[in-house]
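J.:
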Amino acid sequence: MRSPHRRRYVTLAVLSAGILITAGCGGDEGGEDVASAEELLLQPAADPGPDPFTRSTVSPDSLMSPAVRPPSPDARGGASGTVRTPRALPGSTPGLYGGTSAASCEVERQTRLLTQDRTKARAFAEGAGVTQASVPDFLRGLTPVVLRPDIRVTSHGYREGSAAAFQSVLQAGTAVMVDNRGVPRVRCADGSPLSPPIAAKGSVRYRGAQWKGYQPERVVVINRSPEVITSLIIVDLAANTWVERQIGTEGRRDKPPQVPPRYGPEADITDPEAVRPPGPGMPEAPAGVGPASGDAPRDRSTPGRGRAVPDQRRDAPLVPDDGVLPPDGPVEPEPGGGDLALSDEDILTGPDDPAALPGDELSAPSPDGGGSGDELIGPDAFAG
Numbered sequence: 012m013r014s015p016h017r018r019r020y021v022t023l024a025v026l027s028a029g030i031l032i033t034a035g036c037g038g039d040e041g042g043e044d045v046a047s048a049e050e051l052l053l054q055p056a057a058d059p060g061p062d063p064f065t066r067s068t069v070s071p072d073s074l075m076s077p078a079v080r081p082p083s084p085d086a087r088g089g090a091s092g093t094v095r096t097p098r099a100l101p102g103s104t105p106g107l108y109g110g111t112s113a114a115s116c117e118v119e120r121q122t123r124l125l126t127q128d129r130t131k132a133r134a135f136a137e138g139a140g141v142t143q144a145s146v147p148d149f150l151r152g153l154t155p156v157v158l159r160p161d162i163r164v165t166s167h168g169y170r171e172g173s174a175a176a177f178q179s180v181l182q183a184g185t186a187v188m189v190d191n192r193g194v195p196r197v198r199c200a201d202g203s204p205l206s207p208p209i210a211a212k213g214s215v216r217y218r219g220a221q222w223k224g225y226q227p228e229r230v231v232v233i234n235r236s237p238e239v240i241t242s243l244i245i246v247d248l249a250a251n252t253w254v255e256r257q258i259g260t261e262g263r264r265d266k267p268p269q270v271p272p273r274y275g276p277e278a279d280i281t282d283p284e285a286v287r288p289p290g291p292g293m294p295e296a297p298a299g300v301g302p303a304s305g306d307a308p309r310d311r312s313t314p315g316r317g318r319a320v321p322d323q324r325r326d327a328p329l330v331p332d333d334g335v336l337p338p339d340g341p342v343e344p345e346p347g348g349g350d351l352a353l354s355d356e357d358i359l360t361g362p363d364d365p366a367a368l369p370g371d372e373l374s375a376p377s378p379d380g381g382g383s384g385d386e387l388i389g390p391d392a393f394a395g
């Protein structure tokens, strides 16, 4: 007899990460639903992805080391060995990022590639939510690092002179540039602007190559730190030790932190029992609000090195820290694969009100504004 807790964990893993479930289809039945499903693109660390803004500016010296590799497929969390749901952590959490004394991204080269084409610079500014004139200072105020967990983001492709938004999962080991709230803003393999993820309102399908060790329930959502930060505590990937990196610097000024974290640099950042965030993040809006694409609001400030960078998109989802991303919509079958069937007893019900407070059980709103009935439970509920 299956444990009800086991069924709940399996269902949560499917719903909260929008995992692709492929199923065989006969004829044209259900074809319209498949075509209308929102896509979630898996992007390996070095993959330029669709419609890159620029050539890669990843430094050759920042290639992924064993210290940043994802957990093995057999890894399980907690004392009971049950599967966890994805975490949401503030960007100031020590260990979210790694690096070496060599910058993971060539910031000046990235700046030149984006600004030498005025149309491309305007599109990048649109995706990043900054003014075109502020793009050079915006980039120079960011901090190049390497992702240690797989993370969920909104990315952008350069298409027909504009920034086209799409939902994505970035692989651990991806070189990114983060702002002074600890949030990734640029992916260096393709120069694309990044912003927080948007929960899908309809069905979702995965696209792209799945990497070894990928587990949907281990994907992390990075929230804005509640306050502007002046430095990040990251893992030195060469020595596997803690270092402090000042915001707007590239690694040559790294130094040991005055107060090291209470957990070691080898701790699994996806494990809520091993890693506690330093404080709550600052989600911008209720879960699932806003489309997955469209124009970003423009911030008229001109951030420089170490200054505050513009806030994220106002349509970012409400994600409780140490919790989970609100579920993407129903997972849509894609022709040509096997089935994953959930029985009636596996379907969860939740509160009618989707606007749950952080720390409460959440449900993503349905397109008509009502609750989806999909109950999500924060990782702390899995302890023990």
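Numbers 12 to 395, taken from the working numbering, label the letters of the sequence shown in order.
Just so it is clear, CB atoms sit at the ideal spot from N, CA and C, and this is done for glycine as well.
In this text, all values refer to a predicted model and were calculated from it rather than measured experimentally.
Need the endpoints of the beta strand (DSSP E) that proline 101 sits in, please.
T.: Along the sequence shown, one-based indexing puts residue 101 at 90. Segment 98–101, the beta strand (DSSP E) holding proline 101.
J.: Taking only three categories from DSSP, how would you classify aspartate 201?
T.: Walking along the sequence shown from the start, residue 201 turns up at place 190. It is coil, neither helix nor strand.
J.: On the CB-based measure, 16 or more other CB atoms within 10 Å of its CB, does proline 204 come out buried or exposed?
T.: On the sequence shown, position 193 is the one that residue 204 refers to. Burial call: buried.
J.: Would you kindly report the start and end of the unbroken beta strand (DSSP E) that includes alanine 174?
T.: As a working mapping, residue 174 is identified with position 163 in the sequence shown. Segment 173–181, the beta strand (DSSP E) holding alanine 174.
J.: Determine, using beta carbons only, whether leucine 124 and threonine 65 come nearer to each other than 8 angstroms.
T.: Taking the first residue of the sequence shown as 1, we reach residue 124 at position 113. Taking the first residue of the sequence shown as 1, we reach residue 65 at position 54. In contact: leucine 124 and threonine 65 (Cβ atoms closer than 8 angstroms).
J.: In terms of residue numbering, what span does the alpha helix (DSSP H) encompassing proline 397 cover?
T.: The structure shown has nothing for residue 397, since the chain only spans 12 to 395.
J.: Whole-angstrom Cβ separation of serine 179 and glutamate 117, contact assumed at under 8 angstroms?
T.: The sequence position of residue 179 within the sequence shown is 168, counting from 1. The sequence position of residue 117 within the sequence shown is 106, counting from 1. At roughly 22 angstroms, the Cβ-Cβ gap does not stay under 8 angstroms, so serine 179 and glutamate 117 are not in contact.
J.: When the Cα atoms are used, what is the spatial distance from alanine 144 to proline 155?
T.: Start at 1 with the first residue of the sequence shown, and residue 144 comes out as number 133. Start at 1 with the first residue of the sequence shown, and residue 155 comes out as number 144. Taking the straight line joining both Cα atoms gives about 21 angstroms.
J.: If you draw a straight line from the alpha carbon of threonine 142 to that of arginine 133, how long is it in whole angstroms?
T.: On the sequence shown, position 131 is the one that residue 142 refers to. On the sequence shown, position 122 is the one that residue 133 refers to. Approximately 8 angstroms, taken between the alpha carbons.
J.: Nearest-angstrom Cα distance between arginine 95 and glutamine 127?
T.: What you label residue 95 is simply residue 84 of the sequence shown in a count that begins at 1. What you label residue 127 is simply residue 116 of the sequence shown in a count that begins at 1. Because arginine 95 sits at a pLDDT of 47, beneath the cut-off of 50, its placement in the model cannot be relied upon, and the point is left open.
J.: Quick one: Cα of tyrosine 225 to Cα of arginine 264, how far?
T.: Counted from its first residue, the sequence shown places residue 225 at position 214. Counted from its first residue, the sequence shown places residue 264 at position 253. Approximately 33 angstroms, taken between the alpha carbons.
J.: Contact defined as beta carbons within less than 8 angstroms: I believe serine 242 pairs with glutamate 255. What is the distance between those atoms, to the nearest angstrom?
T.: Stepping through the sequence shown from its first residue, residue 242 is reached at position 231. Stepping through the sequence shown from its first residue, residue 255 is reached at position 244. Confirmed, about 5 angstroms.
J.: Answer with buried or exposed for lysine 266, where buried requires no fewer than 16 other C-beta atoms within 10 angstroms of its C-beta.
T.: In the sequence shown, residue 266 corresponds to position 255, counting from 1. Exposed is the call here.
J.: Under 8 angstroms, do serine 112 and glycine 262 count as touching if we go by C-beta distance?
T.: The residue given as residue 112 occupies position 101 in the sequence shown. The residue given as residue 262 occupies position 251 in the sequence shown. In this structure, glycine 262 lies closer than 8 angstroms to serine 112 by Cβ.
J.: With H, G and I counted as helix, E and B as strand and the rest as coil, what does DSSP make of glutamate 137?
T.: For the purposes of this step, residue 137 is identified with residue 126 of the sequence shown, where counting begins at 1. If DSSP states are grouped into helix, strand and coil, glutamate 137 belongs with the helices.
J.: Taking the continuous alpha helix (DSSP H) assigned at glutamine 121, which residues delimit it?
T.: Taking the first residue of the sequence shown as 1, we reach residue 121 at position 110. Where glutamine 121 is concerned, the enclosing alpha helix (DSSP H) stretches over 118–126.
J.: Would you report the Cα separation of glutamate 171 and phenylalanine 135, rounded to the nearest angstrom?
T.: Along the sequence shown, read from residue 1 onward, the residue named residue 171 stands at position 160. Along the sequence shown, read from residue 1 onward, the residue named residue 135 stands at position 124. Cα to Cα, the separation comes out at about 12 angstroms.
J.: What three-state label does DSSP hand leucine 51 in the structure shown?
T.: As a first step, residue 51 must be located in the sequence shown, where it is residue number 40. The answer is strand: DSSP assigns leucine 51 an E or B state.
J.: What residue from Glu277, Thr260, Pro272 and Asp190 has the CA that sits closest to alanine 114's CA?
T.: Position 103 of the sequence shown, counted from the first residue, corresponds to residue 114. Residue Thr260 is the option with its Cα nearest to alanine 114.
J.: Classify proline 314 as buried or exposed, calling it buried when 16 or more other Cβ atoms lie within 10 Å of its own Cβ.
T.: Your numbering for residue 314 matches position 303 in the sequence shown. Low confidence applies here, because proline 314 scores a pLDDT of 38, under 50, leaving its location unreliable; read the following figure in that light. With 16 or more Cβ atoms within 10 Å of its Cβ, proline 314 is classed as buried.
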